[in-house]
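Written out below as structure tokens is the structure these notes cover.
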Amino acid sequence: MLSGIDLFIIIAYFAGMMLLGYYFKRFVGSSDDYFLGGRTLPFWAIGMSIVVSDIGAMDFVGVSGQAYRYGVSVGNFDWIGSVPAMLLAAFIFVPYFWRGGLYTIPEYLGKRYNRTVRTIASLTWISFFAVDLGVLFWATAVLLNVLMGWPVWLSILLIAVVVGFYTYFGGITAVVMTDVVQLIIMFVGGFTLVFLGFHSVGGWDGLVEKVHSMGPEYQQHFHLIQPADTKTPFPWTGILFGLTFVMANAYMIGNQTIVQRCLTAKNEWHAKASMIFGASLKMFIPVLVMFPGLIAIVLYPGLVDGDKALPLMIKNILPAGLVGLMFSAFFAGLMSSVDSLLNSTATLFTKDIYEPYINKGASDKHYLRVGKITTLTLLILGVVTSPLSKLFPGIYVAIQTFLSYFQGPLFSILLLGIFWKRTTQWGGLSGLIIGIGVAFILNTFKGSFFTIENPFLYVSWWSFVTGFVITFVVSLFTAPHPDNKLVGLVYNLTVKKDNKL
Amino acid sequence: MLNFDWLSGVSQHTAKMIFLGLFILIGILVLLIPNDYIFQGVEKKDRHWYMNLKLWALIVLGMIFYTYYIF
Chain A
1 MLSGIDLFII
11 IAYFAGMMLL
21 GYYFKRFVGS
31 SDDYFLGGRT
41 LPFWAIGMSI
51 VVSDIGAMDF
61 VGVSGQAYRY
71 GVSVGNFDWI
81 GSVPAMLLAA
91 FIFVPYFWRG
101 GLYTIPEYLG
111 KRYNRTVRTI
121 ASLTWISFFA
131 VDLGVLFWAT
141 AVLLNVLMGW
151 PVWLSILLIA
161 VVVGFYTYFG
171 GITAVVMTDV
181 VQLIIMFVGG
191 FTLVFLGFHS
201 VGGWDGLVEK
211 VHSMGPEYQQ
221 HFHLIQPADT
231 KTPFPWTGIL
241 FGLTFVMANA
251 YMIGNQTIVQ
261 RCLTAKNEWH
271 AKASMIFGAS
281 LKMFIPVLVM
291 FPGLIAIVLY
301 PGLVDGDKAL
311 PLMIKNILPA
321 GLVGLMFSAF
331 FAGLMSSVDS
341 LLNSTATLFT
351 KDIYEPYINK
361 GASDKHYLRV
371 GKITTLTLLI
381 LGVVTSPLSK
391 LFPGIYVAIQ
401 TFLSYFQGPL
411 FSILLLGIFW
421 KRTTQWGGLS
431 GLIIGIGVAF
441 ILNTFKGSFF
451 TIENPFLYVS
461 WWSFVTGFVI
471 TFVVSLFTAP
481 HPDNKLVGLV
491 YNLTVKKDNK
501 L
Chain B
502 MLNFDWLSGV
512 SQHTAKMIFL
522 GLFILIGILV
532 LLIPNDYIFQ
542 GVEKKDRHWY
552 MNLKLWALIV
562 LGMIFYTYYI
572 F
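For the protein sequence lines, the chains are A and B, in the order given. The working numbering numbers the first residue of the first sequence as 1 and each following residue consecutively. The working numbering numbers the first residue of the second sequence as 502 and each following residue consecutively.
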């Protein structure tokens with residue numbers, strides 16, 4: 001399938017990424033440089049990095065497949081499922097975390113609640129990231145095997161070597177700056193495909209007209225808002241309550257891989273601006289990942305598996321050279337996700353587990369070394385464990401669903417911890433544990449509780465509500481923290497006095 | 502109850518208005534943020550109108566409002 005020029009573009013892309021990433025090695029002299037880029041990065045690079053880290057090769061295929069089946073409603077995830085949360089993060093949470101000089105979100109939870117909450121939150125994220133790494137490697141390598149015919153192990157090892165090389169040496173600065181290039185490649189490759197696709201179906205008007213004429217089941221394909229009783233996974237009630245109010249905020253405010261990038265900003269304005277700039281870029285993501293699926297409805301009607309829509313378009317529409325660019329965009333999607341997971345997990349482990357529990361008070365050089373070794377260990381672990389994914393079909397979806405279970409409770413204690421000074425350590429701990437427990441119960445017995453097949457949006461909402469209520473009630477019945485211990489930790493005690501955490 | 506059945510009578514059009522209303526509400530809240538807080542981190546002499554993040558946020562909100570309006 002790949003011509004010589006396509007192969008050349010892919011090889012040049014890999015070589016370019018390694019060289020660019022290695023260049024940033026010179027800026028790493030301390031753990032602060034490695035984990036926070038010495039807090040010197042500009043808003044545009046951070047904003048681009050946030051967006052590209054969120055998009056993987058699987059999203060290109062999966063989202064276009066869902067758009068083929070369900071229409072534009074899948075775009076809710078990148079539009080209302082990101083933009084309002086990013087604005088909230090930009091104006092309220094990010095400047096707050098940035099001023100505090102934090103490395104991790106669990107670090108805040110530890111200061112606001114207690115060490116157990118910090119450890120539970122950190123271990124949950126570390127476990128999720130570590131498992132996700134292997135699953136991501138395997139799922140994408142299998143995808144590339146189908147699309148390009150490359151052996152699975154070749155894709156995994158190639159990506160592991162390139163990503164491992166620049167993440168190990170360059171830390172988060174290398175991660176962010178390579179992400180910038182990866183976003184540009186992704187946009188150029190994706191927009192070219194969409195442009196050529198529109199050309200072949202007679203433009204936007206031609207697309208809408210042809211899709212609508214295909215039958216009654218396509219009449220809802222251009223409606224973002226789906227009825228509450230829809231059988232698709234995107235009822236408007238789930239989108240509003242589960243996605244907009246909980247999952248989006250939890251992801252943009254409580255996810256280490258996202259927030260850590262903002263903490264690398266050179267000043268508070270850049271930290272805020274990075275999120276807003278990222279939000280503006282997010283508006284274009286559905287164009288790249290969703291529109292190909294809509295175009296494929298007209299070009300390849302009646303596909304049983306919607307996930308085949310994008311590969312068919314690449315094969316039939318793109319000329320030689322641009323195919324290589326599109327596959328580079330796939331690799332960019334995977335690499336930007338893997339490098340984020342590596343660096344963020346290393347940060348969580350070093351700062352939340354190693355430093356407080358294993359070796360307190362060591363030198364900064366020591367922690368830098370631990371961060372680098374953790375990065376390398378995780379990478380090897382991810383590569384070695386990736387074939388386990390084939391023993392568990394559907395594990396990719398399961399892992400993503402797992403994310404929705406603990407994000408709700410975690411966000412509830414983050415929200416109450418910041419905005420309500422009466423929240424106590426026991427309230428937070430109970431809310432977190434019971435909230436996660438309820439999420440597991442709802443999922444395990446989802447057939448008894450929900451009418452839709454995949455109710456992860458509803459599970460997020462109800463686990464958030466549970467975490468919120470439990471934290472609230474338990475806090476009322478336990479001794480409050482004295483005000484002087486909350487300065488810098490609770491919002492109204494921070495903005496007025498502008499203290500460091 | 503867990504499936505929000507009690508909202509199943511709400512039409513798609515009304516639901517759309519709820520989403521559009523949410524964007525307007527966020528826009529109003531953004532406008533209420535003090536300018537000094539917006540520019541925090543930038544020296545007073547280096548502050549320019551195009552660095553006003555309220556303006557950036559309103560542009561993004563305008564984009565998403567229009568997207569939900571047409572779809």
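Where a beta carbon is used, it is the ideal one built from N, C-alpha and C, also for glycine.
- In this chain, F241 of chain A is not harboured by any alpha helix (DSSP H), its DSSP state being neither H nor E.
- Residues of chain B whose Cβ lies closer than 7 Å to the Cβ of T237 of chain A are, in chain order, F505, L508.
- Rounded to whole angstroms, the separation of the alpha carbons of W125 of chain A and L136 of chain A is 16 Å.
- F241 of chain A and L2 of chain A have their C-alpha atoms spaced approximately 44 Å apart.
- Contacts between I529 of chain B and chain A, judged by CB atoms closer than 8 Å, are missing: the closest CB pair is about 12 Å apart.
- With its beta carbon at least 9 Å from every one in chain B, L415 of chain A lies outside the interface.
- In this structure, F566 of chain B and L521 of chain B form a Cβ contact; the two beta carbons are roughly 6 Å apart against a cut-off of 8 Å.
- One thing to note: L429 of chain A has its Cβ no nearer than 9 Å to the Cβ of I105 of chain A.
- Classified as buried, F60 of chain A has 16 or more neighbouring CB atoms from the shown chains inside 10 Å of its CB.
- Straight through space, the alpha carbons of I9 of chain A and A15 of chain A are spaced by roughly 10 Å.
- Straight-line measurement puts the Cα of A558 of chain B at about 39 Å from the Cα of I11 of chain A.
- Only those residues of the region 549 to 562 of chain B whose C-beta falls short of 8 Å from the nearest C-beta of chain A are listed: M552, L554, W557, A558, I560, V561, L562.
- Neighbours of F572 of chain B in chain A, taken as residues whose beta carbon is under 7 Å from its own, are V72, F222, H223, L224 in chain order.
- Chain B places a beta carbon closer than 9 Å to that of D229 of chain A, counting this residue as a contact.
- Annotated as proximal: G100 of chain A and Y108 of chain A, with beta-carbon spacing under 9 Å.
- Residues of the same chain with a CB within less than 8 Å of the CB of F91 of chain A, apart from the 5 flanking positions on each side, are K272 in chain order.
- The criterion of a C-beta distance shorter than 9 Å is not satisfied by G164 of chain A and Y23 of chain A.
- Beta-bridge partners of P233 of chain A (DSSP): none assigned.
- About 10 Å separates the Cβ atoms of V208 of chain A and Y218 of chain A, ruling out a contact at the 8 Å cut-off.
- For L432 of chain A, not one C-beta of chain B is nearer than 9 Å to its own C-beta.
- Here E355 of chain A is buried. Its C-beta has 16 or more other C-beta atoms within 10 Å.
- Interface with chain B (9 Å Cβ-Cβ cutoff): P409 of chain A is excluded.
- Residue state for Q219 of chain A is assigned as coil, using DSSP reduced to three classes.
- Between G427 of chain A and S463 of chain A, the beta carbon gap of about 16 Å keeps them out of contact (Cβ cut-off 8 Å).
- Proximity of I565 of chain B to chain A, defined by a Cβ-Cβ separation below 9 Å, is satisfied.
- Taking M247 of chain A as reference, the option from A:F187, A:T192, A:S336, A:F402 with the minimal CA-CA separation is A:F402.
- Here W461 of chain A is buried. Its C-beta has 16 or more other C-beta atoms within 10 Å.
- In the structure shown, A362 of chain A falls within a coil segment according to DSSP collapsed to helix, strand and coil.
- Taking 9 Å as the Cβ-Cβ cut-off, the region 511 to 525 of chain B approaches chain A at V511, S512, Q513, H514, A516, K517, I519, F520, L523, F524, given in chain order.
- The C-beta of D78 of chain A has 16 or more other C-beta atoms within 10 Å across all chains shown, which makes the residue buried.
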